[in-house]
Amino acid sequence: MSKYELSSERLDTEFDHFLLDMKPYVLKHPSKTERQRCAQWIKKLCDPATCGSGLIGRKNRNMYARLLLQMLKRGVLDGPFTSKPEPGSLKTLPTYMSIYFDEPLSSLSVEHGVRSLPDWVTGELSGCSDDSLTMDLFKDKPSSTPVKDHHRRRPYEDRAASRPVSSSPLRQSPRQATRMVDGEPNHISPDDSDLEARLNSWNLGIEKPRYLREEPVPLSPIFKSSFGGKSNLASDQGAQLLQSKETEMKIKVLEAKHQEEKLKMQQRHDAEVEKILDRKNGEIEEMKSLHRTKQKESEETIRKLEKKVQSVLRESQVICESKEKQIAELKKMSDQSADCLKNEWEKKLHAAVTEMEQEKFELQKKHTQNIQELLEDTNIRLAKMESDYNARSQATEQTMRELELRVKQQSAEGEKGNTLRQKVTQEKAELEIHIASISTELQEANRRIMILQKEKEELSEQHEQATQKLQVKYETDLSHLHHEHALSAAKASEVMADLEKTVAQIKQQLEDSEHRRHQQVRDQEMKFQQEKDELLISCEKKVLALQTEAEKEKAEAKRKIAKLEEALREKESQLDRARESQRQHIQQADMALEQFKKQVELSSEKAYADMKLQMEKVEEDLKRSRSLREKQAKEFSQQLDDLRQKFEQQMAEQRMQHEQERTRLQQQHSAEKDSLVQEHQREASSLERQARAVLQQHQQHTQEWRKRDAQVAITLRKTAIILLLQHGQPQ
């Protein structure tokens with residue numbers, strides 16, 4: 012056979028492999044349109060009129076098939092396969108589409124190639140496991156896939172052309188070359204670079220390999236460290252440079268000689284391998300001619316057997332048609348009985364559904380009544396809370412009015428005291444001292460008020476923390492109650508009662524906190540009033556004492572009136588200043604009272620806002636209960652569906668009973684049929700036995716021929732290895 016026919020057959024086998032690998036991916040593809048498009052493309056690729064009968068057309072067809080397989084493996088169709096194929100001949104693929112071929116095809120694996128190779132080749136490979144060349148050829152998938160198909164047809168033809176035309180090995184040391192030629196498995200490294208070097212060392216058909224095209228890499232000179240003086244350094248460096256240049260020249264000469272010898276050995280090896288291949292190709296052609304003659308004989312016997320089988324099949328078809336008519340009549344009878352039972356079960360199902368709907372409606376009514384009762388209770392409690400708040404606000408207003416009246420009375424008493432102080436000039440200094448002490452006491456009172464405010468804020472924060480903890484507890488209780496409510500609808504009323512108790516407890520706690528706050532405010536007011544009363548009493552006592560002393564000293568005072576009038580005028584101005592300072596202190600006290608009032612109002616407003624938030628939470632609980640009611644409705648619907656499924660299962664069981672009766676009748680019918688078919692099967696089995704005996708004889712002959720071929724191949728391989736070793740010994 013010519014090289015043209017061999018290459019065309021190789022391309023056709025590659026295309027067949029691609030189609031076989033494409034089949035599962037096309038069938039498992041999710042989109043129907045893309046499946047149809049792939050089928051259209053495959054149809055066009057299989058058409059020789061569009062693809063062309065030449066080598067270029069077949070290569071282009073294989074490129075299209077390989078690209079389609081890669082895209083199907085990735086799961087995304089791109090490029091020319093996004094649209095339907097155009098009418099006419101196939102266009103050549105652009106060069107940039109070779110990016111998709113970077114990844115090796117998993118379908119054309121080494122295992123696939125080994126399976127499709129002849130038995131003598133696989134036996135030779137298993138016997139020579141230490142041969143690094145054969146193992147490396149099967150490892151390099153992308154460079155050896157076309158060569159593998161070529162070996163599948165003519166395993167000993169054109170071995171030099173089938174080698175991968177990849178890059179030649181880089182420079183290697185003589186030790187590495189001898190290790191590779193001798194074939195020692197212990198010194199072979201598993202790295203990819205070493206594998207490529209060992210593969211390319213057998214490539215004899217390249218005219219200019221890489222090691223002839225590349226320039227030799229100069230070795231860097233190694234300088235010895237000198238410990239002498241500065242004068243000897245220059246001479247040592249010059250000598251070292253000369254030595255390094257001489258060694259480099261020697262290395263280059265040795266490398267050139269080594270490469271020339273290696274090329275000569277490779278050419279000799281090629282000539283000997285070509286002779287061996289020519290011998291084996293002649294033997295293989297003889298074996299093929301014998302195999303074809305035996306194939307023709309086996310095909311003639313198979314045709315005769317097929318004719319007999321067709322006559323038997325026709326008779327069996329006639330019997331099957333008569334039996335199918337009887338089966339159709341039995342089917343009609345069973346369908347009629349099944350329809351009657353179906354109507355009865357549907358009536359029962361409708362009755363059960365109506366009962367379930369009535370129960371559902373009654374439960375909904377009860378649930379709405381419970382919710383209305385809860386809403387009424389909450390409204391009543393809100394009204395009570397509002398009335399309590401109004402009463403408390405009125406009480407606070409009354410207390411504020413009383414405090415204002417007391418402040419006015421105290422201001423009047425202060426004016427009276429000023430009139431008395433005008434009479435007594437000697438004790439003005441003492442009164443100023445008392446005023447300073449009173450101012451300090453007022454400051455202390457303000458500090459106490461600030462401390463009380465801080466305590467109040469701390470209490471409010473504690474109260475908020477307590478409310479948050481109660482809210483967390485409340486939420487946990489609610490989640491637990493929701494689970495219990497999902498399990499049984501009967502516990503809903505108990506859960507609502509527990510929620511009401513918790514809300515009442517929270518409200519009681521809030522009321523207790525408000526009472527405590529009011530009591531603290533009242534206690535502070537009482538303390539402030541007591542301090543004021545004590546100060547007034549002390550002032551009155553001192554005034555009385557001064558009056559008694561003044562009566563005693565009236566006589567003396569009359570004498571000194573003239574002298575003291577001038578002093579009195581000076582001190583009147585001082586008294587005016589003191590009055591202004593007293594008025595300022597009174598104003599400050601009024602401002603402090605107003606601030607206290609505002610704080611009380613803010614605290615009451617906060618308490619009212621907290622109550623509103625709690626009521627909103629209660630409303631949210633009611634909404635949750637509504638959602639629970641909806642869930643119950645869904646559960647009722649699920650129960651209805653379960654009942655329907657049960658009824659359908661019962662229907663299915665009855666259908667199974669009918670089918671069992673039907674199968675009994677069919678078995679009776681099949682028993683009669685089998686009695687007729689067994690006779691035909693006996694005749695067919697006898698014919699099959701005869702055919703199997705003929706095929707077994709043919710297989711035995713083929714196995715004997717394969718064994719002979721395997722033995723011949725082993726001997727040839729041994730001779731080739733001996734020749735290689737003989738050629739490798741001079742190196």
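Residue 12 is where the sequence shown starts when you use the working numbering, and the numbers rise one by one after that.
Every residue, glycine too, gets a C-beta built ideally from N, C-alpha and C.
Computed from a predicted structure; not experimentally measured.
Report the residue from A603, E699, S614, D247 whose alpha carbon sits nearest the alpha carbon of N4. This structure leaves residue 4 out entirely; the chain is present only between 12 and 742.
Determine the DSSP secondary structure at E438, reduced to helix, strand or coil. Position 427 of the sequence shown, counted from the first residue, corresponds to residue 438. In the structure shown, E438 sits in coil (DSSP, three-state: anything other than H, G, I, E or B).
State the DSSP-derived secondary structure class of V629, mapped to helix, strand or coil. Numbered from 1 along the sequence shown, position 618 holds the residue referred to as residue 629. Helix, per DSSP.
What is the C-beta distance between Y75 and L38, in whole angstroms, given that I count them as a contact (C-beta under 8 Å)? As a working mapping, residue 75 is identified with position 64 in the sequence shown. As a working mapping, residue 38 is identified with position 27 in the sequence shown. At roughly 20 Å, the Cβ-Cβ gap does not stay under 8 Å, so Y75 and L38 are not in contact.
So the candidates are P41, E45, F658; which of them puts its Cα closest to the Cα of K358? The residue you call residue 358 lines up with position 347 of the sequence shown. Comparing Cα positions, the closest option is F658.
Express the C-alpha separation of S333 and D130 in angstroms, rounding to a whole number. Taking the sequence shown and counting its residues from 1, one reaches residue 130 at position 119. Taking the sequence shown and counting its residues from 1, one reaches residue 333 at position 322. Low per-residue confidence applies at D130: pLDDT is 43, beneath 50, and the placement is therefore not dependable enough to give any value.
For D58, the three-state DSSP class (helix, strand or coil): By 1-based counting over the sequence shown, the position of residue 58 is 47. In this structure, D58 counts as coil in the three-state DSSP scheme.
Are the CB atoms of M33 and L88 within a distance shorter than 8 Å? On the sequence shown, residue 88 is found 77 positions in, with the first residue counted as 1. On the sequence shown, residue 33 is found 22 positions in, with the first residue counted as 1. Going by C-beta atoms, L88 is not nearer than 8 Å to M33.
Nearest by alpha-carbon distance to L324: which of T93, Q409, Q689, I733 is it? For the purposes of this step, residue 324 is taken as residue 313 along the sequence shown, with counting starting at 1. Taking only the C-alpha atoms, the option nearest L324 is Q689.
From the DSSP output, in three-state form, read off P91 for me. Start at 1 with the first residue of the sequence shown, and residue 91 comes out as number 80. Here P91 sits in helix by DSSP.
Could you tell me whether the stretch 527-544 touches the stretch 483-495, using the rule of 3 or more Cβ pairs below 8 Å? no
Please report the straight-line C-alpha distance between E443 and E567, rounded to a whole angstrom. Position 432 of the sequence shown holds residue 443. Position 556 of the sequence shown holds residue 567. Using only the alpha carbons, I get a separation of about 24 Å.
Straight-line Cα distance separating K299 from L316: Taking the first residue of the sequence shown as position 1, residue 316 is located at position 305. Taking the first residue of the sequence shown as position 1, residue 299 is located at position 288. Cα to Cα, L316 sits roughly 26 Å from K299.
As a quick exercise: from M507, K552, S322, E441, pick the residue whose alpha carbon is nearest that of D388. The residue labelled residue 388 in the question sits at position 377 within the sequence shown. Among M507, K552, S322, E441, the Cα nearest to that of D388 is on M507.
Quick check: the Cα distance between E525 and E368, rounded to an integer number of angstroms? The residue you call residue 525 lines up with position 514 of the sequence shown. The residue you call residue 368 lines up with position 357 of the sequence shown. For E525 and E368, the distance between alpha carbons rounds to 51 Å.
Can you tell me which of the three DSSP states H40 falls into? Within the sequence shown, residue 40 is the residue found at index 29, counting from 1. Here H40 sits in coil by DSSP.
Sequence-distant residues of the same chain with beta carbon closer than 7 Å to W52, five excluded per side: Counted from its first residue, the sequence shown places residue 52 at position 41. Contacts found: L79, F92, P96.
Going straight from the alpha carbon of L393 to that of S404, what length do you get? Residue numbering aside, residue 393 sits at position 382 when the sequence shown is read from its first letter. Residue numbering aside, residue 404 sits at position 393 when the sequence shown is read from its first letter. Approximately 17 Å, taken between the alpha carbons.
Alpha-carbon spacing of L676 relative to Q656, whole angstroms: What you label residue 676 is simply residue 665 of the sequence shown in a count that begins at 1. What you label residue 656 is simply residue 645 of the sequence shown in a count that begins at 1. Taking the straight line from one Cα to the other gives about 30 Å.
Would you tell me roughly how many angstroms separate the C-alpha atoms of M396 and E627, rounded to the nearest one? The sequence position of residue 396 within the sequence shown is 385, counting from 1. The sequence position of residue 627 within the sequence shown is 616, counting from 1. Distance between the alpha carbons of M396 and E627: 15 Å.
Using a 10 Å radius around the Cβ and a threshold of 16 neighbouring Cβ atoms, would you call E25 buried or exposed? Sequence index remark: in the sequence shown, residue 25 carries index 14 (1-based). Buried, since its Cβ has 16 or more Cβ neighbours within 10 Å.
So, helix, strand or coil for T674, using DSSP? For the purposes of this step, residue 674 is identified with residue 663 of the sequence shown, where counting begins at 1. DSSP places T674 in helix when its eight states are reduced to three.
In terms of residues, what are the limits of the alpha helix (DSSP H) holding G68? Taking the sequence shown and counting its residues from 1, the one referred to as residue 68 is at position 57. Taken as a continuous stretch (DSSP letters only), the alpha helix (DSSP H) holding G68 covers 66-85.
Whole-angstrom Cβ separation of S636 and I382, contact assumed at under 8 Å? Position 625 of the sequence shown, counted from the first residue, corresponds to residue 636. Position 371 of the sequence shown, counted from the first residue, corresponds to residue 382. Confirmed, about 7 Å.
Selected residue, minimal CA-CA separation from K70, among D23, K617, D281, P98: The sequence position of residue 70 within the sequence shown is 59, counting from 1. Nearest of D23, K617, D281, P98 to K70, Cα basis: D23.
Closest by C-alpha distance to H40, when choosing among M82, L555, V329: Residue mapping note: residue 40 aligns to position 29 of the sequence shown, counting from 1. H40 has its Cα closest to that of M82, out of M82, L555, V329.
Exposed unless 16 or more other CB atoms sit within 10 angstroms - verdict on A704: Start at 1 with the first residue of the sequence shown, and residue 704 comes out as number 693. With fewer than 16 Cβ atoms within 10 Å of its Cβ, A704 is classed as exposed.
Under the rule that 16 or more other beta-carbon atoms within 10 Å means buried, what is F29, buried or exposed? Sequence index remark: in the sequence shown, residue 29 carries index 18 (1-based). So F29 ends up on the buried side.
With three or more C-beta pairs closer than 8 Å as the rule, is the stretch 520-534 touching the stretch 663-671? no
For the stretch 698-712 against the stretch 245-255, do three or more pairs of beta-carbon atoms, one drawn from each stretch, fall closer than 8 Å, so that the two count as touching? no
To the nearest angstrom, how far is the alpha carbon of L31 from that of S309? Position 20 of the sequence shown, counted from the first residue, corresponds to residue 31. Position 298 of the sequence shown, counted from the first residue, corresponds to residue 309. Taking the straight line joining both Cα atoms gives about 27 Å.
How many angstroms separate the CA atom of K502 from the CA atom of Q476? On the sequence shown, residue 502 is found 491 positions in, with the first residue counted as 1. On the sequence shown, residue 476 is found 465 positions in, with the first residue counted as 1. In a straight line, the C-alpha of K502 is about 31 Å away from that of Q476.
If we count the other Cβ atoms within 10 Å of its Cβ and call it buried at 16 or more, is R417 buried or exposed? For this step, residue 417 is matched to residue 406 along the sequence shown. Exposed.
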